[in-house]
Amino acid sequence: MSLTLPSTRTPARSQAANERSRRYSRSIYLWTLSQWDENRADIERRTATAALNAILSGQRVGTPSSSRTSSLDDKDGFFP
Numbered sequence: 001m002s003l004t005l006p007s008t009r010t011p012a013r014s015q016a017a018n019e020r021s022r023r024y025s026r027s028i029y030l031w032t033l034s035q036w037d038e039n040r041a042d043i044e045r046r047t048a049t050a051a052l053n054a055i056l057s058g059q060r061v062g063t064p065s066s067s068r069t070s071s072l073d074d075k076d077g078f079f080p
């Protein structure tokens, strides 16, 4: 009786199983990328909306409305 050590190589699988595994891995990768892109686009959209709202309301971007200076007063009729 002889003992053989288990092979350290990946066990043989069918070509179809390998293809399914590859497609599944790729689909997870693409889904993760799409989620990242969707999140990034949402952040960019919210940032742009906040900046536009600040501009249209006469605020300086990044500062609260209580800290508006006299330079932002309505001199040319643009700001409300």
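Number 76 in UniProt numbering belongs to position 76 of the sequence shown; there are no gaps in the numbering. Glycine included, each C-beta is placed from N, C-alpha and C at the ideal position.
| Item | Value |
| --- | --- |
| Coil, strand or helix - Ser57 by DSSP | coil |
| Ile43 versus Ser14 - alpha carbon distance | 44 Å |
| Three-state secondary structure (DSSP) of Ser2 | coil |
| Three-state secondary structure assigned by DSSP to Ser14 | coil |
| Rounded C-alpha distance that separates Leu52 from Thr32 | 30 Å |
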